[in-house]
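Residue numbers (the working numbering): 1012 to 1524.
For every residue, glycine included, the Cβ atom is placed at its ideal position computed from N, Cα and C.
Right, one structure below, let's go through it.
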Amino acid sequence: MSQDSRHPFLKGLSKHRGAQPTIITIFGASGDLCARKLVPAIYNLAVDNLLPPEFSLIGYGRKPIPDEEFRKLAHDSIKEFSRRSLNEEIWKRIEDNTYYCSGGYDELDAFKALEAKIESIEKEMGREAQSVIYISTPPSVFEPIIVNLGASGLATRYQDSGSHTKVVIEKPFGKDLESARHLNKVIQGVLQERQVYRIDHYLGKETVQDLLVQRFANSIFEPLWNRQYVDNVQITVSESLGVGTRGGYYEQSGATRDMIQNHTMQLLALTAMEPPVSLDPEAIRDEKVKLLKAIKPLNLDYAHSDVVRAQYKEGLVDGAKVQGYRQEEGVSADSETETYAALRLNISNWRWEGVPFYLRSGKRMPRRVTEISIQFKRPPSTLFSENEMFNLAANSLVFQIQPDEGSTVLLNAKIPGLQTRTQPVKMHFKYSATFGSNTPEAYERLVLDAMLGDGTLFIRGDETEASWNLITPLHDFWASEGQRGMENYVSGSWGPLAADRLPWDNTHEWRRP
Ligand code: NDP
Ligand code: BG6
């Protein structure tokens, strides 16, 4: 069976084949993300025949690297990290068009040299080629790169045609509302919004895209998708990994900036937004912004706080002993950075008023799970009231975003036999069973969409500001409180006990994924 006939999203993409001639430049190309995700994504697009015939890749970084060496690095990273094994023939087509330019991120002359390189490649192609600039550096140099894209003229190439330059910007997009606003201003001074692709790689995950399909291509869920029927919604993004070698970065970030402000809030927005008027990128992003703006400010008062933060201590994960966060490399021995955060959010609109949304994300939890659970209200009927014959559970619909992608509906059913006894049962839809398991990686979809000029799965400037607007007061509060209120949890557990208090009225409890 071909990829296209198996996979609905690839099928949808086939109409886009033959994207215009493209030159991708990756800033920070000697880094981790480029090796683990970006180069393998480009390779897999080539395997799926989704790269245009005229395609070039340029790496850019401060350290001089000969073209040959960069080609070898790229080759080896495909070998190590690609989801599909390396086919030398396909790689050769990319390799022959791969180059490296070196220079500082604040060095205008180096940007001009890059532009000259792009023009010479374009001349060889013999056709107008769009530039896709992928900024994969630490955020401290996002601003000088954007400014120099403007000053060198790279930002304004083919400004008035579909071949205009597209700029992909990695996360984190700012560290608070003020810095996000500042970065948006810098961007607006150089680029038009249609040229900007702010990454949140969760939006590139198949099952996150499927959320829109399940909600809006079926008629059975939407009538129930409101305060009348939904009791609460829980979004869990847990990881079993610790901070690994990223302690230095993580100390400045913490779970709320690293995972909640972006990935988890995007999942929330897609789950709770109103139906968009079309699948047009702006229509979807308009609805997400409306939803994010409707979230009530967090209550930070200790007695009724909407938030819990915690750090992992040593413990056992997958049977192996792991160290506590404060013992990790690059982490301060008295760190105040949270590795777990749980939030209770209330959305003030007609659909959701009064329905709590619980969000949590943490490292060093028992398993890597991302899921969205819609917990429905119990039925009003007294026919099957709770007694020992009737083991009843509230209905739920759970979207398993990763791993074991799919969805599950929890129902109550009669146990076969002469007595009327009930038991909760599950109806599963498993992605891999239906479509096979060779699903494209998020970065494949996102790199392709940027090449195609489709911003649907990227974040608009006002979206990121709306999300920071909610989270920034929380960070200010924590900064003023120091260690106060910081909980601990044992590595390999589902978080601190204090998080169990968050569903405060005791009618809710966290789902165990
Ligand atoms: P790296 O730390 O590996 O840095 C990428 C490159 O940027 C380096 O190879 C280096 O290239 C240059 N660089 C590093 N530090 C500095 C500095 N202080 N000033 C200027 N340049 C520097 O980053 P990653 O590849 O891990 O991440 C890139 C971006 O992607 C970041 O914004 C990160 O937040 C984001 N991201 C990364 C993920 C990951 O899994 N790695 C996941 C999600 C997002 P040179 O010395 O050659 O100039
Ligand atoms: C990144 C975070 O954005 O997402 C990491 O910076 C985290 O800390 C990663 O591990 C998780 O992504 P995924 O796709 O593995 O769930």
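- Between the region 1352–1363 and the region 1298–1308, the count of Cβ pairs shorter than 8 angstroms is three or higher; the stretches touch.
- Going by beta carbons, ARG1095 and SER1251 fall outside the 8 angstroms limit.
- A residue is called buried when at least 16 other Cβ atoms come within 10 angstroms of its Cβ; HIS1439 does not meet this threshold and is exposed.
- LEU1408 and PRO1524 have their C-alpha atoms spaced approximately 12 angstroms apart.
- The straight-line gap separating the alpha-carbon atoms of SER1264 and ASN1398 is approximately 49 angstroms.
- With contact defined as three or more Cβ pairs closer than 8 angstroms, the region 1485–1503 and the region 1316–1323 are in contact.
- A distance of 8 angstroms or more separates the beta carbons of LEU1062 and PHE1122.
- Residue environment for LYS1083: exposed (fewer than 16 other C-beta atoms within 10 angstroms of its C-beta).
- Proximity to SER1346 across GLU1133, PHE1488, GLY1493 and ASN1060 peaks at GLY1493, based on C-alpha coordinates.
- The beta carbon of VAL1288 lies closer than 7 angstroms to those of ALA1294 in the same chain, with the five residues before and after it left out.
- Straight through space, the alpha carbons of ASP1043 and GLU1217 are spaced by roughly 23 angstroms.
- Relative to the ligand NDP, the beta carbon of LYS1074 is positioned inside 7 angstroms of a heavy atom.
- Shown here, ASP1242 sits in a strand according to DSSP, grouped into three states.
- In this structure, the ligand BG6 has no non-hydrogen atom nearer than 7 angstroms to the beta-carbon of HIS1193.
- Looking at the DSSP output, TYR1111 sits in a beta bridge with GLY1070.
- Under the three-state reduction of DSSP output, ALA1127 falls in the helix class.
- The alpha-carbon separation between ILE1385 and ALA1404 amounts to approximately 13 angstroms.
- For ILE1132 and PRO1514, the gap between their C-alpha atoms comes out near 58 angstroms.
- Contact annotation: the region 1236–1255 touches the region 1361–1371, with at least three C-beta pairs closer than 8 angstroms.
- Considering only LYS1103, ASN1237 and ASP1117, the residue with the shortest C-alpha distance to PHE1387 is ASN1237.
- If you ignore the 5 residues before and after TRP1505, its C-beta comes within less than 8 angstroms of the C-beta of SER1249, MET1376, PRO1377, TRP1521 and ARG1523, all in its own chain and listed in chain order.
- Annotation: TYR1208 to LEU1459 spans about 12 angstroms, alpha carbon to alpha carbon.
- Leaving aside the five residues that flank ALA1344 on each side, the residues in its chain whose CB is nearer than 7 angstroms to its CB run, in chain order, ARG1337.
- The closest heavy atom of the ligand BG6 lies 7 angstroms or more from the beta carbon of ASP1329.
- Distances from the CB of THR1275 to the heavy atoms of the ligand BG6 are all 7 angstroms or more.
- Rounded to whole angstroms, TYR1260 and LEU1422 show a C-alpha spacing of 44 angstroms.
- By the criterion of a C-beta distance shorter than 6 angstroms, PRO1051 is surrounded in its chain by ILE1089, PHE1092 and SER1093, once the five residues flanking it on both sides are discounted.
- In this model, ILE1383 and GLN1413 are separated by some 10 angstroms (Cα to Cα).
- For GLU1476, the uninterrupted alpha helix (DSSP H) run begins and ends at 1472–1492, by DSSP.
- Restricting attention to ALA1352, HIS1274 and ALA1162, the CA atom closest to the CA of THR1381 is found in HIS1274.
- For ARG1192, the uninterrupted alpha helix (DSSP H) run begins and ends at 1188–1201, by DSSP.
- Excluding residues up to 5 positions away in sequence, TYR1454 lie with their Cβ nearer than 6 angstroms to the Cβ of LYS1048 in the same chain.
- A distance below 6 angstroms between beta-carbons, with the five flanking residues on each side excluded, links GLY1215 to the following residues of its chain, in chain order: ALA1453, ARG1456, LEU1457 and LEU1468.
- Nearest to PHE1081 by alpha-carbon distance, out of ASN1108, GLU1262 and GLU1099, is ASN1108.
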